[in-house]
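Here's what the structure looks like:
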């Protein structure tokens, strides 16, 4: 094995752990004799050690807690969206129901007002009629009852 | 994980069953599983991110990787080991982060705000590393050599020589053919040696 072969192939195979036992012995003998090859081998070895120390990462409890909080928030997100949607739907239908009741009340009030007006208009006509025909006077009494009932209903 | 005849040993079957249980807990989004995930893998994920991005502060990327796992756990079909899948997510998250930084950096340079674009430079490393090694090169020279390597070369070296993953697993992580991975690692090792040689 020459220096070129060692640097081109054997160092690579050394780090891949694919040198046979005999090759490993030969590799070590060459490294022991040849300072240039030894340096090439050492430099890579040291680079790996340097990089290993440099990229060492120790995560903190704080960052773990941050992550767990984040996933808990995310986990509850569908429920939060559901609650917001339910509030919106209930609110929407509630307002609609309120508007409907309000409109119905107004409609009944209008009907009552119209009825009252019609009764009052007919009272004038009835008075003249009663004056001309005294036997029909009890009709106006019934009208009073109706007006009273309408007021109570209102 | 599996013997040459393809039949897993009792211990391997136990490990596989444990991993399946763990993965299905992740897919059910159970908090205890994510706590275990963080404890077990955050150091390796952080290490890969540090190596790929060549920065020391990788807190955000680690958070992002685990959050991607949370969102995508159901997509894990078991075609590879869980760790391979996780490392692939890590590499992809790093690539995305790098793109984002590059875009931001270009924008900032456009507006002549170079100060902020420098955020992505390598941070100083702990000084005690030097004392741990009988070195041929100075720490500064190693740092210089590191900066001359591409992100991918740094990643290949990290996965192969630091995390000691096999070529097949690396090929699955970086989603490149096995032959390409082997030659890239070979090239990266030679490149480090030649950079170092040029510095001596």
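Residue numbers (our numbering), protein chains in the order written: chain W, 2 to 155; chain P, 2 to 201. We put the CB at the ideal spot given by N, CA and C, even for glycine. As the structure is a computational prediction, the values presented were derived from the model and not from experiment.
Check                                                                                                                          : Outcome
Beta-carbon proximity of residue 49 of chain P to residue 88 of chain P, cut-off 8 Å                                           : yes
Range of the contiguous alpha helix (DSSP H) that encloses residue 146 of chain P                                              : 140-149
Euclidean distance between Cα positions of residue 97 of chain W and residue 104 of chain W                                    : 10 Å
Completely contained beta strand (DSSP E) runs for the stretch 4-69 of chain W, where each covers 3 or more residues           : none
Endpoints, alpha helix (DSSP H) assigned at residue 73 of chain P                                                              : 60-73
C-beta neighbour in chain P for residue 57 of chain W, strict 8 Å                                                              : yes
8 Å Cβ cutoff, residue 62 of chain W in contact with chain P                                                                   : no
For residue 35 of chain P, the first and last residue of its enclosing alpha helix (DSSP H)                                    : 32-54
Distance between residue 100 of chain W and residue 125 of chain W (C-alpha atoms, nearest Å)                                  : 38 Å
Chain W contacts made by the stretch 179-193 of chain P, where a contact means CB separation under 7 Å                         : 187, 190 and 193
For residue 77 of chain P, three-class secondary structure by DSSP                                                             : coil
Burial state of residue 119 of chain W (16 or more Cβ within 10 Å)                                                             : exposed
Heavy atom of the ligand ZN within 7 Å of residue 11 of chain P beta-carbon                                                    : The ligand ZN is not part of this structure, which contains no ligands at all.
Residues that residue 199 of chain P contacts on chain W, provided the C-beta gap is smaller than 7 Å                          : Under the 7 Å cutoff, chain W gives no residues; its nearest Cβ is about 11 Å from residue 199 of chain P.
Residue 96 of chain P in three-state terms, based on DSSP                                                                      : helix
Stretch pair the stretch 12-29 of chain W + the stretch 183-194 of chain P: three plus CB contacts closer than 8 Å             : yes
The stretch 59-68 of chain W contacting the stretch 57-70 of chain P, beta-carbon criterion three pairs below 8 Å              : yes
Contacting positions in the stretch 34-58 of chain P - beta carbon closer than 7 Å to chain W                                  : 35, 36, 39, 43, 44, 47, 48, 51 and 52
Other residues of its chain near residue 24 of chain P: CB distance less than 7 Å, five sequence neighbours each side excluded : 77 and 83
Short CB-CB distance (under 8 Å) between residue 73 of chain W and chain P                                                     : yes
Three-state class that DSSP yields for residue 29 of chain P in the structure shown                                            : coil
8 Å Cβ cutoff met for residue 38 of chain W and residue 31 of chain W                                                          : yes
Cβ of residue 30 of chain P within 8 Å of any chain W Cβ                                                                       : yes
Buried/exposed call for residue 72 of chain P, threshold 16 Cβ in 10 Å                                                         : exposed
Contact residues within the stretch 65-96 of chain W, judged by C-beta distance below 9 Å to chain P                           : 65, 67, 68, 69, 71, 72, 73, 75 and 76
Inter-residue Cα distance where the pair is residue 33 of chain W and residue 197 of chain P                                   : 20 Å
CB contact flag (residue 53 of chain P, residue 92 of chain P, <8 Å)                                                           : yes
Three-state secondary structure (DSSP) of residue 2 of chain W                                                                 : coil
Sub-8 Å separation of residue 157 of chain P and residue 171 of chain P beta-carbons                                           : yes
Closer than 8 Å to chain P by CB, residue 45 of chain W                                                                        : yes
At least three beta-carbon pairs within less than 8 Å, the stretch 24-37 of chain P to the stretch 16-30 of chain W            : no
Coarse secondary structure for residue 178 of chain P, derived from DSSP in three states                                       : coil
C-beta atoms of residue 48 of chain W and residue 146 of chain P nearer than 8 Å                                               : yes
Chain-ordered neighbours of residue 143 of chain P on chain W, where CB pairs are closer than 7 Å                              : 48 and 51
With 16 other Cβ atoms within 10 Å as the buried cut-off, status of residue 19 of chain P                                      : exposed
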